[in-house]
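Shown next, in structure tokens, is the structure this report addresses.
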Amino acid sequence: MSDTQEGNTEFVDFWNEILVPKFVKYRHILVGGLTHHSAKIFPSLNVREGDRVLDVGCGFGDTAIQLARRVGPSGSVLGIDCCAVFLETARKDAAAAGVDNIAFIEGDAQLYRFEPEYDFCFSRFGAMFFENPVVGLKNMRRALKPGGTMTMIVWRAIEDNPWLGLPKEIVLKFLPPSGEDARTCGPGPFSMANQEMVTKQLEIAGYDGIEFERIDAPLMVGDSPEDAVGFQLAVGPAGEVYREAGAEAKRRHGEIEAALLTELGRYANAEGIVMDSSSWKITARNPE
Ligand SMILES: C[S@@+](CC[C@H](N)C(=O)[O-])C[C@H]1O[C@@H](n2cnc3c(N)ncnc32)[C@H](O)[C@@H]1O
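Below is the structure:
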């Protein structure tokens, strides 16, 4: 862990203990799928050659590498993530791609003591897991130079994301909802879906110039129905219900798997299992 903090939050521990192996196994879905959301908005990002860029919750580092190419040799990118395993992949991929204006550090982006040296702060689906969103968003702002821009992509509501909502509904036909004390990765994928609330959080965190833009994109949730079912039972809201149900989930596994195979199989096309997803591009500015 980073030397700027004494211990991990329970959420950072959860990422490392529970989610890392699942994300590594299903990297093809996570990175491939999430890329649809960043690819749509990358051309419009306020990033110029020579900029210094911070990528928060950078995961396997693909967006950080793209940003490093965009800022060119006179600029640089720092990717931060709380999971060292993801960063090992990120460093290897950057080296293999010959991108050397990039560095990755392990740390909790809410607490890491950044210098106010960045022109642009980016996060693709990283900020929704902050234990305290205002603290995390404020720390991202503090990393920016005066007038610097922050753009984050976060999921819209579960109703607009059937790729996560439908599998959860199906699993809940067999298993009880996970309780209040369930171990989780943080407030969760939909914690920044509410425009009014996130606007308020950003204002409290000291930003101005706050703008929201809806991004809708098809998302490949598996190469095959079997792959999609394995993915859904490993991560996301369905995975949480399944994990928390413990022995009961194992006992009913056959029925759950069969129901998911049938329902998710309906979304098969030439690419694999493809379902609808929807996110926000949220842009805000550190005042001059
Ligand atoms: C859904 S993944 C997105 C990863 C990557 N940005 C992408 O789009 O593929 C969320 C990422 O945020 C990281 N993360 C969660 N909480 C964090 C925190 N407090 N500080 C730094 N990284 C965090 C996780 O380790 C994970 O890599």
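The sequence shown: position 134 = 163 (the working numbering), numbered continuously.
Beta carbons are placed, not taken as given, at the ideal position from N, Cα and C, and that holds for glycine.
Given residue i as reference, the closest of the options once Cα atoms are compared
i: Asp-256; options: Thr-213, Phe-203 and Lys-51; result: Lys-51
i: Val-76; options: Gln-224, Cys-150 and Ile-233; result: Cys-150
i: Gly-363; options: Ile-285, Arg-142, Thr-312 and Asp-252; result: Missing from the structure shown is residue 363; the chain here goes from 30 to 317 and no further.
i: Leu-299; options: Ala-186, Asn-223, Trp-184 and Ser-253; result: This sequence places Ala at residue 299; Leu is not what is there. Among Ala-186, Asn-223, Trp-184 and Ser-253, the Cα nearest to that of Ala-299 is on Ser-253.
i: Cys-112; options: Leu-48, Ala-313 and His-282; result: Leu-48
i: Val-303; options: Gly-283, Pro-191, Val-270 and Tyr-236; result: Pro-191
i: Gly-238; options: Phe-115, Ala-287 and Pro-175; result: Pro-175
i: Ala-68; options: Tyr-55, Leu-96, Lys-54 and Glu-78; result: Leu-96
i: Val-100; options: Arg-281, Val-53 and Phe-71; result: Phe-71
i: Lys-121; options: Trp-184, Ile-94 and Tyr-147; result: Ile-94
Collapsed DSSP secondary structure at residue i in the structure displayed
i: Asp-6; result: The structure shown does not extend to residue 6, since the chain is modelled only from 30 to 317, so the question has no answer here.
i: Gly-283; result: helix
i: Ala-368; result: Absent from the structure is residue 368, since the part of the chain shown begins at 30 and ends at 317.
i: Val-270; result: helix
i: Arg-243; result: strand
i: Met-249; result: strand
i: Leu-74; result: coil
i: Ala-119; result: helix
i: Arg-56; result: helix
i: Ala-222; result: coil
i: Ser-103; result: coil
i: Arg-98; result: helix
i: Leu-173; result: strand
i: Leu-48; result: helix
i: Ala-288; result: helix
Distance, residue j Cα to residue i Cα
i: Asp-32; j: Ile-182; result: Low confidence applies here, because Asp-32 scores a pLDDT of 39, under 50, leaving its location unreliable; read the following figure in that light. If I take the Cα positions, the gap works out to 28 Å.
i: Leu-63; j: Leu-248; result: 8 Å
i: Ile-58; j: Val-250; result: 6 Å
i: Arg-243; j: Asp-84; result: 21 Å
i: Val-60; j: Pro-205; result: 30 Å
i: Ser-308; j: Gly-155; result: 13 Å
i: Glu-144; j: Ala-172; result: 6 Å
i: Glu-209; j: Pro-266; result: 14 Å
i: Thr-291; j: Glu-117; result: 37 Å
i: Val-270; j: Leu-201; result: 7 Å
i: Val-82; j: Lys-279; result: 45 Å
i: Asn-45; j: Ile-199; result: 27 Å
i: Ile-311; j: Gly-275; result: 37 Å
i: Cys-87; j: Met-157; result: 13 Å
i: Tyr-141; j: Asn-168; result: 8 Å
i: Phe-115; j: Arg-153; result: 15 Å
Taking one C-beta from the stretch 104-117 and one from the stretch 125-138 each time, how about it: are there three or more such pairs within less than 8 Å?
yes
When you compare the stretch 170-190 with the stretch 216-231, are there three or more beta-carbon pairs, one atom per stretch, that lie closer than 8 Å?
yes
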